[in-house]
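Data first, discussion second: the structure below is written as structure tokens.
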């Protein structure tokens, strides 16, 4: 049996979706028999590989690094899952959109509210540049499946992944599968 190449990605979010993924507990052993985890923040892999079968993307797009990376992920992934409310709607990370463009956000956070040494955190290559508006994943790249929840419960994650292991598309119907929050 050929194993599915599975990846998980963490963008602008809290990592709660990945914590919920770990709540799959004993089923993770069954999953490990059917997948190769080829990229994840819980694995020490530096480069997103080619030929990924399924990727769960947690978090919204909030900076240039996220923007560049999500394009690479989409290009190298067959089936992309928007994983959790931040990926699906931009949720909490998008609250900064109310302050306007990125320079307004940075000015408020680092100059107006800076107490000791108010200054912008600008170090090219270290601090990614913010984009003006935080967006959900589907506004940047096509998404194959939406898995809402903040975070999605482990049972919902399993119900979304299990059919993919059989080569079937998950059915996202009913309150237990589509409830936000």
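Residue numbers (this note's numbering): 12 to 192. C-beta: ideal position from N, C-alpha, C; glycine also.
{"Item": "Below 8 Å on the Cβ atoms is my guess for residue 152 versus residue 82; work out the distance and round it to an integer in Å.", "Value": "6 Å"}
{"Item": "Got a sec, what are the start and stop residues for the alpha helix (DSSP H) residue 122 sits in?", "Value": "Where residue 122 is concerned, there is no enclosing alpha helix (DSSP H), given that its DSSP letter is neither H nor E."}
{"Item": "Quick check on the DSSP output: what are the complete alpha helix (DSSP H) runs of length 4 or more inside the region 77-148, in order along the chain?", "Value": "96-100 and 113-117"}
{"Item": "Going by Cα to Cα distance, which pick from 47, 29, 35 and 23 is closest to residue 17?", "Value": "47"}
{"Item": "Compare the C-alpha of residue 190 against each of 181, 178 and 163 and name the closest.", "Value": "163"}
{"Item": "For residue 71, does the three-state DSSP call read helix, strand or coil?", "Value": "strand"}
{"Item": "Starting from the N-terminal side, write out each stretch of the beta strand (DSSP E) that is 3 residues or longer and does not extend beyond the region 37-65.", "Value": "46-50"}
{"Item": "What would DSSP say about residue 35, mapped onto helix, strand or coil?", "Value": "coil"}
{"Item": "Taking all protein chains shown into account, do 16 or more other C-beta atoms lie within 10 angstroms of the C-beta of residue 128, making it buried, or fewer, making it exposed?", "Value": "exposed"}
{"Item": "Using 8 Å as the threshold, is the C-beta distance between residue 72 and residue 19 below it?", "Value": "no"}
{"Item": "Give me, in chain order, the residues of the same chain whose beta-carbon lies closer than 7 Å to that of residue 149; leave out the 5 immediate sequence neighbours on both sides.", "Value": "93"}
{"Item": "Output needed for residue 66: all residues of its chain with C-beta closer than 8 Å, excluding positions within five of it in sequence on either side, in chain order.", "Value": "17, 18, 19, 20, 50, 84, 88, 90, 91 and 92"}
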